[in-house]
Amino acid sequence: MDGGQDLDADYIIVGAGTAGCALANRLSRRGRVLLIEAGGSDNYHWVHIPVGYLYCIDNPRTDWGYHTAPGPGINGRSLIYPRGKVLGGCSSINGMIYMRGQAADYDGWRQMGLPGWGWDDVLPCFKRSEDYVDGASEHHGAGGEWRVENQRLHWPVLDSFLEAAVQAGLPRTDDFNTGDNEGVGYFRVNQRNGWRWNTAKAFLRPAKDRVRVETKALTERVLFEGKRAVGIRVRQHGVTRDFRATREVILCAGSIGSPQILQLSGVGPAEHLRGLGIEVVHDAPQVGENLQDHLQVRCAYRVSGAKTLNTLSAGLWGKAKIAAEYALFRSGPMSMAPSQLGAFMRSGPEMATPDLQYHVQPLSLDAFGQPLHAFDAITASVCNLRPESRGHVRVLSSDPNQAPEIQPNYLSAERDRMVAAKAIRATRNILAKPAMARHAPQEFHPDPGLTTDAQLAEAAGNIASTIFHPVGTVRMGADDAAPLDATLKMRGIAGLRVVDASVMPRITSGNTNAPTLMIAEKAADLILADL
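Sequential numbering from 416 applies to the sequence shown in the numbering used here.
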């Protein structure tokens with residue numbers, strides 16, 4: 416070992432992302448907290464300008480740069496799989512959408528034998544950290560760290576889509592976060608005065624005098640004494656360092672990082688780990704399994720009679736005007752979340768709650784990172800909120816620098832393929848309503864000539880992409896096979912918890928950042944209750 420024993424902490428938190436920053440804030444009021452982050456500071460200017468996600472995703476300064484394994488359901492394609500590698504984690508590079516999901520999601524967790532995780536149980540955790548633009552109410556909190564604001568621009572073509580969705584039977588809504596998110600409306604976002612509001616700013620900076628933060632520190636493994644976690648080993652600036660925890664080690668490294676660290680530490684599927692030469696501390700076959708994600712089918716339409724970002728941003732003059740508007744007023748396209756308009760609907764009358772979500776954008780491009788098309792167009796991305804397909808995260812070697820295999824197994828379940836076909840048809844139905852007629856929408860993704868279930872499912876496999884919502888890889892559950900119990904403690908190991916989106920037994924019906932923050936708030940209550 417290159418380095419020596421470092422200072423103890425009561426709590427060691429691995430990962431300064433959405434959950435880690437919030438948890439560090441809460442626990443530092445009752446003990447010594449060490450927060451470990453593999454990435455660097457969030458002082459990169461594109462982290463804070465909302466449109467900067469375009470420059471943070473797939474950028475090694477802020478993103479792990481993962482890719483999925485080729486998947487049969489997406490016709491052998493591999494997708495980029497952004498995960499934040501920076502203070503604030505994914506809250507520094509994500510779409511900023513504030514979305515809790517549905518009350519039925521959490522009541523479903525409780526029905527699975529997880530007491531304390533029903534909607535009525537978790538709503539106070541959502542509200543505690545919230546600073547909602549319209550103030551406190553039955554559903555919202557005010558004065559908390561996590562700012563939620565209205566978006567700072569509207570697009571007439573999106574207003575037309577909204578009207579068309581209403582004509583298709585959806586109710587209007589100005590709040591997707593009351594427990595019932597059915598309807599169409601504009602998303603609320605985690606911004607403050609036109610700037611991105613990440614968890615490093617919201618939770619970590621106010622606690623900077625209470626939390627010791629180590630950046631550029633890659634966690635190589637958890638350290639054990641028998642079946643108790645006692646610390647971690649990190650590699651920082653070329654030096655190996657060991658840190659000891661007097662109370663708990665808490666993994667907040669996300670749905671990819673947390674199972675990877677556990678497996679590298681000898682906690683995971685024993686046969687697989689032994690095959691890689693990793694000494695097994697605890698056989699936990701489900702660590703890294705149960706990967707769930709939202710796959711969006713990107714339906715794109717040419718439009719006329721309305722400006723979209725495709726043409727507004729064309730040329731140096733267009734870009735200069737956009738930059739000037741943001742510099743002067745903190746508004747305009749540079750203040751945009753990736754998606755502005757949202758909708759939640761049911762794929763069929765048999766569904767008790769919405770199972771489709773739309774992210775509607777006044778732009779189009781062939782793929783993320785590619786140039787915008789030269790013509791005006793909109794993209795209506797639609798995803799199956801509750802996919803049945805399950806994937807995995809598995810380390811491929813004992814080297815912590817090697818990315819694990821990420822195999823979401825998108826569209827491997829037949830029902831997911833059928834829901835994708837229904838989603839495309841539902842989109843066509845909305846775009847055919849009178850409110851969109853003034854824009855003469857012309858479908859070009861997928862091919863409008865594709866009409867059968869088989870054709871549309873195949874097309875979904877060709878054009879769909881992730882919305883970056885991986886969850887479930889270190890699930891909590893009432894069954895003995897679940898890696899975690901309802902208090903987020905690792906079964907079979909003392910002194911070790913996991914607190915991030917990987918703990919979800921089933922994915923929530925919407926964007927996953929706000930639920931991850933709620934999990935951190937809930938975890939703080941559980942951890943401090945043990946004192």
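Here a beta-carbon is modelled for each residue, glycine too, at the ideal position from N, C-alpha and C.
- Positions of the alpha helix (DSSP H) runs, each at least 4 residues long and wholly inside the segment 558-608, are given as 571-582 in order along the chain.
- Around the Cβ of V654, a 10 Å sphere holds fewer than 16 other Cβ atoms; the residue is exposed.
- Counting the other CB atoms within 10 Å of its CB gives A622 a total of 16 or more, which places it among the buried residues.
- The beta strand (DSSP E) runs of length 3 or more contained entirely in the segment 692-774 are, from start to end of the chain, 704-706, 710-717, 756-760.
- Per DSSP, the continuous alpha helix (DSSP H) segment holding Y470 begins and ends at 468-471.
- Counting the other Cβ atoms within 10 Å of the Cβ of K904 gives 16 or more, which makes it buried.
- According to the DSSP assignment, N926 belongs to no alpha helix (DSSP H), since it is labelled neither H nor E.
- Out of G646, E560, A668, P764, the CA that lies nearest to the CA of R656 is found in G646.
- For T923, same chain residues with a beta-carbon under 7 Å away, outside a window of 5 residues either side, are G516, D520, P930 in chain order.
- Per DSSP, the beta-bridge partners of M905 are L899.
- A938 carries a helical assignment under DSSP once its states are collapsed to helix, strand and coil.
- Beta bridge pairing from DSSP links N799 with L771.
- Beta-bridge pairing by DSSP links M891 to L899.
- Straight across, the Cα-Cα distance linking A431 with V501 is about 8 Å.
- Among the bridge pairs identified by DSSP, W610 is matched with R607.
- Between A836 and E803, the gap from beta carbon to beta carbon reaches 8 Å or more.
- For the alpha helix (DSSP H) assignment, the uninterrupted runs of no fewer than 4 residues enclosed by the segment 853-885 are, from N- to C-terminal side, 868-878.
- For I671 against V808, the beta-carbon gap comes to about 6 Å, under 8 Å, which counts as contact.
- Proximity to I821 across G480, Y426, D457 peaks at G480, based on C-alpha coordinates.
- When secondary structure is reduced to three states using DSSP, G455 falls in the strand class.
- At the C-beta level, A439 and L568 stay beyond 8 Å of one another.
- R625 places its beta carbon less than 8 Å from that of S443.
- A residue is called buried once 16 or more other Cβ atoms fall within 10 Å of its Cβ, and E765, having fewer, is exposed.
- Counting the other CB atoms within 10 Å of its CB gives H463 a total of 16 or more, which places it among the buried residues.
- Nearest C-alpha to E452 among K722, Q651, P700: Q651.
- In the DSSP assignment, Q651 falls within the beta strand (DSSP E) that extends over 643-651.
- Ranking S719, P863, R761 by CA distance to the CA of L573 puts S719 first.
- Proximity to A869 across I845, F859, R830, M891 peaks at R830, based on C-alpha coordinates.
- Per DSSP, the continuous alpha helix (DSSP H) segment holding V462 begins and ends at 460-463.
- Under the DSSP assignment, A660 falls in the beta strand (DSSP E) whose first and last residues are 654-666.
- Distances from the CA of Y601 to each of C798, D536, V775, A424 were compared; the closest alpha carbon is that of V775.
- For a cut-off of 8 Å, the C-beta gap from L865 to A879 is around 14 Å, too long to register as a contact.
- For E694 and Q678, the gap between their C-alpha atoms comes out near 10 Å.
- At the C-beta level, D791 and R717 come within 8 Å of one another.
- Every unbroken stretch of the alpha helix (DSSP H) spanning 4 or more residues and falling wholly within the segment 475-539 is given here in chain order: 518-526.
- The beta-carbon distance between E936 and S544, rounded to whole angstroms, is 6 Å. This is short enough to meet the 8 Å contact definition.
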